[in-house]
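A.B. asks:
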Amino acid sequence: LTDDYLKMLKENVLTDFTIKIGEREIRAHRAVLATRSPVFAAMLRHEDTNEAKTGVMVIEDLEYDTVTEMLNFIYCGRCLRDVNEFSFASDLLIAADKYRLEELKSHCEKALVQALTFENVCELLIISDIYSAPRLRQRAVEFIIQHPRNITSTPGWDNVVRQHHDLVTDIVRHFDKSLDRSG
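Under UniProt numbering, the first residue of the sequence shown carries the number 1, and numbering increases by one thereafter.
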């Protein structure tokens, strides 16, 4: 069944909605979008929204590839592209959060937890905070506590210290708890 839905998307079968990303367009189905995403549901079920009136939605804050993969997930419940690449997984997590696609968001969180490195952990910590990704946040904090010398010398750490004081406080609290457990 999901493969049939995906085929309908890819072949533009009976589409009734257009998503514009830059100069490119993707044709889709209102019913599928509204069924899978509460954000699309709210947008398309209310006749007074511009998207419901025109059948067109413009997305300016996401890349075409990100929207395409998000739609693949909406239609078939799985990612067709490998989301283990750090920047793509983080972009897809942001899209999943925006359109309240919790299953996709969870999938991206798992991929990002696997992608944690000394160089990207601070950026992922910030992303996890902004986009409410608690599993990613917890793992990023644990990673920082496990490798403080490697991480506190990075530009990412400097950014956390300068602009995200609440995250530093959270890390210190977790560090204190880890000291209590070990000693």
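Every residue gets a Cβ at the ideal spot worked out from N, C-alpha and C, and that includes glycine.
Just so it is clear, the structure is predicted and the values come from calculations on it, not from any experiment.
1) Secondary structure at residue 56, three-state DSSP: helix, strand or coil?
2) Would you check if the distance between the CB atom of residue 119 and the CB atom of residue 136 is smaller than 7 Å?
3) Give every residue of the same chain whose Cβ lies closer than 6 Å to the Cβ of residue 184, excluding the five residues on either side of it in the sequence, and list them in chain order.
4) With 16 other CB atoms within 10 Å as the buried threshold, where does residue 112 fall?
5) Just to confirm the assignment, what range does the beta strand (DSSP E) spanning residue 24 have?
6) For residue 31, count the other beta carbons within 10 Å of its own beta carbon; 16 or more makes it buried, fewer makes it exposed. Which is it?
7) Report the CB separation of residue 164 from residue 127 in whole angstroms; it is logged as a contact under 8 Å.
8) Quick test of your reading: residue 64 and residue 97, contact by CB under 8 Å. State the CB separation rounded to the nearest angstrom.
9) Ignore the nearest five residues each way along the sequence and tell me which others in residue 21's own chain have a CB closer than 6 Å to its CB.
10) Could you tell me the distance, in whole angstroms, from the CA atom of residue 49 to the CA atom of residue 95?
C.D. replies: So, to answer that:
1) strand
2) no
3) Outside the displayed range of the chain (1 to 183) lies residue 184, so it cannot be described from this structure.
4) buried
5) 24-28
6) Under the 10 Å beta carbon count, residue 31 is surrounded by fewer than 16 other beta carbons and is classified as exposed.
7) In fact, because the Cβ distance is near 11 Å, the residues do not count as touching under 8 Å.
8) Rounded, the Cβ-Cβ distance is 19 Å, inconsistent with contact.
9) 59, 64 and 67
10) 20 Å
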